[in-house]
């Protein structure tokens, strides 16, 4: 059974702090790694889709890295803002389109 | 471009009752997914459609859950009869291509509470 693990489960930071989360996945048969952001009462929103070892992607203050050989991805948020408060999900994508999600990291940013 | 629409947004039922959820994907998206997200866990794929055919329903509890996608557009997910453990958010997603590297676009979900 393919397992995707995220850590930490929850994180409380102050506005302006930088933070990072980890997503671990099996390194064999890698196809794609997705990061989603899910705010309460809204739709999960795609942040990044990463397919190549060593990939680095950036969107504003959020960036992600990928290591397929060791099976992990990091998501970084620089200078956290209250509007960054959300659950961040990573998902392992197989060739057929199925996404296997981790349990998520719940981020709370206090002003 | 309109996003993925789902209804209802919230539903409260008694155990052993039936319930149905509706999803309208993004126009032109051939692949449609239903996920179940139980509190504290990540979303779990229940069923994947390619047009109106089923690609993967290996994790769908077929004794009580059913899903259809008539004419390859809208989809409904039904639970009959519901159990307490079915309390969850049911997410619908669609994608242009059926590939693990393709972005999936999610609806806002239906939050189901079974009492």
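Residue numbers (this note's numbering), protein chains in the order written: chain A, 1288 to 1398; chain B, 132 to 246.
Backbone N, C-alpha and C fix where the C-beta goes; we use that ideal spot for every residue, glycine too.
From what residue to what residue does the beta strand (DSSP E) around residue i run?
{"i": "residue 195/B", "result": "First-last for residue 195/B: undefined, no H or E at that position."}
{"i": "residue 1364/A", "result": "1359-1364"}
{"i": "residue 155/B", "result": "150-155"}
{"i": "residue 1311/A", "result": "1306-1311"}
{"i": "residue 242/B", "result": "241-245"}
Report buried or exposed for residue i, applying the criterion of at least 16 other Cβ atoms within 10 angstroms of its Cβ.
{"i": "residue 1327/A", "result": "exposed"}
{"i": "residue 159/B", "result": "exposed"}
{"i": "residue 194/B", "result": "exposed"}
{"i": "residue 174/B", "result": "buried"}
{"i": "residue 244/B", "result": "exposed"}
{"i": "residue 1289/A", "result": "exposed"}
{"i": "residue 1367/A", "result": "buried"}
Sort out for me which residues DSSP pairs residue i with in a bridge.
{"i": "residue 1297/A", "result": "1393/A"}
{"i": "residue 167/B", "result": "175/B, 221/B"}
{"i": "residue 1336/A", "result": "1321/A"}
- Query: Below 8 Å, can you find three or more Cβ-Cβ pairs linking the region 208-224 of chain B to the region 180-189 of chain B?
  - Reply: Using a C-beta cut-off of 8 Å, the region 208-224 of chain B makes no contact with the region 180-189 of chain B, since fewer than three inter-stretch Cβ pairs fall below that distance.
- Query: Do the region 132-142 of chain B and the region 1381-1394 of chain A meet, that is, are 3 or more Cβ pairs less than 8 Å apart?
  - Reply: no
- Message: So, does the region 1289-1299 of chain A touch the region 202-209 of chain B, judging by three or more C-beta pairs under 8 Å?
- Response: no
- Message: Under 8 Å: do the region 148-163 of chain B and the region 1316-1334 of chain A share three or more Cβ pairs, one atom per stretch?
- Response: no
- Query: What beta strand (DSSP E) runs, 3 residues minimum, are completely inside the region 1343-1392 of chain A?
  - Reply: 1343-1346, 1349-1354, 1359-1364, 1373-1380, 1386-1388
- Given 8 Å as the limit, is there contact between the region 1306-1320 of chain A and the region 140-160 of chain B, that is, 3 or more CB pairs closer than that? no
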